[in-house]
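Chemist: Counting in this note's numbering, the sequence shown runs from 559 upward without gaps.
In this text, a Cβ means the ideal position worked out from N, Cα and C, and glycines have one as well.
Computed from a prediction, not measured in an experiment: that's the story for all the values here.
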Amino acid sequence: MSIKSTIDSSLKGKTVALPESRQLDVLAALFERRQAKVLRVPMITILDSPNQDSIVCWLKAFINNPPRYFIILTGEGLRRLVAVAERNKLKNDFICKLSTVRKICRGPKPVKALKEVGLKAEYLGKEPTTEGIIATLESLNLKNIDIAVQLYGTDPNLSLIEYLRSRGISDVRSIAPYIYAEHSDSAKVIDLIEHLHADNVDLVAFTSKPQVKRLFSIAKEYGLESKLMEGLARTHVAAIGPIMQQELQDHDVEVSVMPEGKYSMKPLIKAVESLFN
C-alpha cells in the first residue's frame with residue numbers, strides 16, 4: 559500500500575486529542591498527514607445489541623408487515639440490521655421490503671449506508687438532528703400509518719417518540735441494533751484530562767455523544783471535574799456536527815469549531831485547519 563505524502567498545513571506541530579474509536583485510524587491519519595501529533599484515546603466501542611433474538615423478531619415483523627415510513631438515525635444502525643439479517647438468511651427479504659418503504663434519513667451517514675445496499679432515501683431531515691427529522695415529518699401526512707425507528711445506540715429518543723405519539727401514532731416500532739461500551743481503561747482517560755489541564759493539547763475533536771459522556775463520567779468518578787473543565791476552557795474544542803455541539807454545550811463546554819453544511823471527518827479537518835490559519 560502506498561504511503562500518502564504529508565501536506566503543508568496549519569496543523570503542523572499541533573497536538574490533537576482524538577476520543578474517536580470506530581474510525582480512529584482514519585481520522586488520526588487525516589491529522590497526521592497534516593503533520594499534527596495525535597493523542598489516541600478511544601473512549602467507547604460499538605457492539606451488537608446483546609438482544610439478538612429481539613432484533614431478529616423485529617426484522618421478521620418488518621418483512622411480514624413493512625411500515626409506511628422508516629426513520630433511520632444512523633448508518634451504523636442500518637449496517638448492523640443488514641448484518642443481522644444476513645446472518646439469519648433474511649437479508650434479501652429485508653432489503654426487498656426496505657425498498658418499498660419510505661425512508662427518512664437523519665443525515666448523510668444513513669444515506670451512505672442505504673446506498674451500500676442499492677437504495678436511496680425518500681426524505682432527509684431538514685438538519686441532521688432529531689429536530690431536523692421532526693421538521694421533515696411536519697410536512698407529511700401521518701394519519702393512521704405505521705412508523706419504524708432505528709435508534710441512535712440505546713438512546714430511546716423520547717422527544718421523537720413523543721412527537722410521533724402527538725401525531726396520533728401510538729405504536730412506534732423502534733429498534734436499537736447496537737450498544738456503546740467502554741474502550742480505553744480509566745487510566746488513559748485520566749491521562750487525557752491531565753494533558754488538557756497542563757495545556758499540552760491544542761485541540762480535542764469529538765465525534766459522538768458517548769465520548770463526552772464517558773469523559774465526564776470518569777472525571778466525576780475520580781474527582782477531576784474541575785481539572786477537566788479548566789483544561790477544556792484553555793483548549794480548542796471541535797465538534798463534528800450540531801448534535802455533538804449541543805452535547806458539549808450541555809456540559810458547559812464552549813465549541814471552538816464545527817464544519818458547516820457537511821458533518822463528516824474531512825469537513826471537520828478543513829474547519830480545524832481554518833481555525834489555526
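(1) In angstroms, rounded to a whole number, what distance separates the CA positions of M601 and K701?
(2) Can you name, in chain order, every residue of its own chain whose Cβ lies under 7 Å from the Cβ of G665, other than the five neighbours on each side?
(3) Starting from the Cα of N835, find the closest Cα among I565, L569, P800, S563 and give me that residue.
(4) Look up A763 in the DSSP assignment and give the residues it is bridged to.
(5) Looking only at its own chain, which residues have a Cβ that is under 6 Å from the Cβ of S744, when we skip the five neighbours before and after it?
(6) Count Cβ pairs between the segment 788-803 and the segment 821-833 that sit closer than 8 Å; are there 3 or more?
(7) Is the segment 568-584 touching the segment 758-765, taking contact as three or more C-beta pairs under 8 Å?
(8) At which residues does the alpha helix (DSSP H) containing D749 begin and terminate?
(9) Out of P735, L597, V815, which one is the CA nearest neighbour of C615?
(10) Relative to the C-alpha of M787, which candidate in D566, E740, E812, L617 has its C-alpha closest?
(11) Contact check, K661 vs I621 under 8 Å by CB: the rounded distance?
(12) Tell me, which residues are paired with L576 by DSSP?
(13) Could you give the first and the last residue of the continuous alpha helix (DSSP H) run that contains I827?
(14) Leaving out five residues before and five after E696 in sequence, what residues of the same chain have Cβ atoms less than 6 Å from its Cβ?
(15) Taking I751 as the reference, which of A739, V770, E740, I737 has the closest Cα?
(16) Give me the Cα-Cα distance between G676 and H755, rounded to the nearest whole angstrom.
(17) Name the DSSP bridge partner or partners of T603?
(18) Mind listing, in chain order, the continuous beta strand (DSSP E) runs of no fewer than 3 residues lying wholly within the segment 686-721?
(19) For S732, which three-state DSSP category applies?
(20) Under three-state DSSP, which class holds I801?
(21) Within a Cβ cutoff of 6 Å, which residues of the same chain sit near R626, ignoring the five residues on either side of it in sequence?
(22) Going by DSSP in three states, R725 sits in which element: helix, strand or coil?
(23) For the alpha helix (DSSP H) that K618 lies in, which residues bound it at each end?
(24) If we call anything under 9 Å between Cβ atoms a contact, is D757 one with V599?
(25) Can you give me the start and stop residues for the beta strand (DSSP E) that R660 sits inside?
Modeler: Looking at the coordinates:
(1) 42 Å
(2) G683, P686, Y821
(3) L569
(4) A796
(5) I776
(6) yes
(7) yes
(8) 744-755
(9) P735
(10) E812
(11) No, K661 and I621 are not in contact; Cβ-Cβ is about 15 Å, not under 8 Å.
(12) R598
(13) 823-834
(14) none
(15) V770
(16) 48 Å
(17) A739
(18) 705-708
(19) strand
(20) helix
(21) I703, D704
(22) coil
(23) 610-622
(24) no
(25) 660-663
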